[in-house]
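When we follow my numbering, the leftmost residue of the sequence shown carries the number 4, and every step to the right adds one.
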Amino acid sequence: MPLAFIPSPSQGVWNLGPIPIRAYALCIVLGVVVAVWIGERRWRARGGQPGTITDLAVWAVPFGLVGGRLYHVITDWQLYFGADAPNQPIDALYIWKGGLGIWGAIALGGVGVWIACRRRGISLTAVADALAPGIAVAQGIGRWGNYFNQELFGSPCDYAWCLEIDPGRPGTVPGAATYHPTFLYESLWDFALAGVLILLGSRLALRHGRLFALYVAGYTVGRFWIEGLRVDPAHEILGLRLNQWTSVVIFIGAIAYFWLTRNKTTEEIIVAGDGDDPAHDPAHGPEQAEATELATADKSATADRSAKDAEAAEDSADPPNSSDSSDSSDSSDVDPDKATSGVSGEEAGGR
C-alpha cells in the first residue's frame, strides 16, 4: 500500500430512525438542485420567465431517473436476471444498487423536458443550451455517490491520489489495495467542462442547441478515457467497453449536429405569447379562454349600457334651446308636470 492515498468512507448509509439516508441519493438530489439553480439563472439571463426551469425539472427528474435505471439494467441485465446473477430481480428497482446510466438519464430526461416545453410553448433547444452547464455540474456532484458506495473505480495504482477500496468489493484485484479514483477524474472533468461551456456561451452566440451539443461532445471525450480505466465487469466489443463505443457514437452525433446547425438563424421562443392573454397560455385550456372572453364581453356590454344611461340622464337635465322660438312657445303651453312625465315615459320606453 502506498504511503499516501484517498481513504474510502466507512459507510454510505445513515439511519434516521427507521429511515435510511443514503449518500448516493443525497448526491443526486444535490446535483439536481444545483443544476436547476444554474439553469434558472441562465434562463432569466436570456429573457425567460422565472420559475420555468423549476417547472421543467418536475418532468425531467422522474423521466431521467427511470431512463438512467433502465439503461443500467438493460446493459447489465446479467447482474439481475442471469443464471448466476449476484442480485435478485427485484434489486433492479433499487437505484442505489448499481446506480444509473447517464446515457439513459439524459435521453429519457430529455423526453420529459420536450413534453414540458411543448406544454409551455417554448423552444427545446433554447432550454437545452441554458441547462447544459448545470447538467455537467450535476454529473460531477452525482459521481461522489460512487465514492460512498465504493464502486466504479479504476485499475490498481499506487499514486498518492489513488483510492483505497475494501477487499472483496466487486471489481477488486487480489493483492491490490488502492485503485484509480475514476469517480474523482470524472467529477473534475465535469466541473471543468461546465466552466468551459459557461465561458463559450458568454463569448459566442451559440444558439439552437449548439452549446448543448458541445456539452455532449465534451462529456463523451472524458468518459471515453475514464471508462477505459475501469475494471468492473462490462460488455466489450472489439476490445472496447460498451460505454466507450456509446461515447464514440454520441460524440460523432453531437459534432454532426453542431456543424449542421451552424447557419441556423430562426427565432427561438423564450416566452410564449402574452402572459395576460389566456388564449396564448398553453398551460390553460380553450374552455378557460372562452369563459374569460365571455366574461370580458359581459363587462363591455354593461359598460356600454351604463354610458347610454348616463347620456340619457344628461339630456333630460339640459334646458330647452332658447334660440328655437317655436319650441319655446309650444313648451309654454304645456303643463310642466305632463312634460316631465312624457319625457320620463319616453326614456323608460327607450330603456
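Beta carbons are placed, not taken as given, at the ideal position from N, Cα and C, and that holds for glycine. Owing to the predicted nature of the structure, the values given are computational and were not obtained by experimental measurement.
- Within the same chain, Cβ atoms closer than 7 Å to the Cβ of Val224 are found at Phe254, the five residues on either side in sequence being excluded.
- Taking a contact as a CB-CB distance under 8 Å, the pair Ile229 and Thr185 counts as one, their CB atoms being some 5 Å apart.
- Looking at Asp235, Glu270, Gln52, Gly256, the one whose alpha-carbon comes closest to that of Pro173 is Asp235.
- Annotation: the continuous alpha helix (DSSP H) that includes Asn246 extends over 245–263.
- DSSP, read as helix, strand or coil, puts Ile125 in coil.
- As DSSP reads the structure, Trp17 sits in a beta bridge with Ile24.
- When C-alpha distances from Ala38 are compared across Trp164, Trp17, Asp193, Glu271, the shortest belongs to Asp193.
- When the alpha-carbon of Arg44 is set against those of Leu241, Ile201, Asn246, the nearest one is in Ile201.
- Measuring C-alpha to C-alpha distances from Gln91 to each of Ile105, Gly50, Val76, Gly104 identifies Val76 as the nearest.
- Taking C-beta atoms under 8 Å as the contact rule, Gly145 and Gly34 qualify, at a distance of about 4 Å.
- For a cut-off of 8 Å, the C-beta gap from Leu191 to Tyr218 is around 16 Å, too long to register as a contact.
- For Thr268, there is no enclosing alpha helix (DSSP H), as DSSP gives it neither H nor E.
- With 16 or more other Cβ atoms from the protein chains shown falling within 10 Å of its own Cβ, Asp79 counts as buried.
- In this structure, Pro65 is the residue among Ala179, Pro65, Ile125 with its C-alpha nearest to the C-alpha of Gly115.
- Nearest in C-alpha terms to Leu209, of all of Glu167, Leu166, Thr269, is Thr269.
- Between Cys160 and Tyr182, the gap from beta carbon to beta carbon is short of 8 Å.
- A check of alpha carbon separations from Ser158 across Gly124, Glu167, Asn266 identifies Glu167 as the nearest.
- The stretch 122–129 and the stretch 84–98 do not touch, with fewer than 3 CB-CB distances between them shorter than 8 Å.
- In this structure, the CA atom of Gly107 is about 17 Å from the CA atom of Phe227.
- Our two residues, Ala163 and Ala141, have alpha carbons roughly 27 Å apart in a direct line.
- Going by DSSP, Trp62 is part of the alpha helix (DSSP H) stretching over 55–78.
- Assignment of Ile240 by DSSP, reduced to helix, strand and coil, places it in the strand class.
- Within the same chain, Cβ atoms closer than 7 Å to the Cβ of Phe84 are found at Pro92, the five residues on either side in sequence being excluded.
- For Gln81, the enclosing alpha helix (DSSP H) begins and ends at 81–84.
- For Ile9, the pairing in a beta bridge is given by DSSP as Leu166.
- Taking C-beta atoms under 8 Å as the contact rule, Trp99 and Tyr150 fail to qualify, at a distance of about 14 Å.
- Positions of the alpha helix (DSSP H) runs, each at least 4 residues long and wholly inside the stretch 88–142, are given as 105–123 in order along the chain.
- Comparing C-alpha distances from Ala63 to each of Cys120, Arg213, Gly242 shows the shortest one belongs to Cys120.
- Residue environment for Glu239: exposed (fewer than 16 other C-beta atoms within 10 angstroms of its C-beta).
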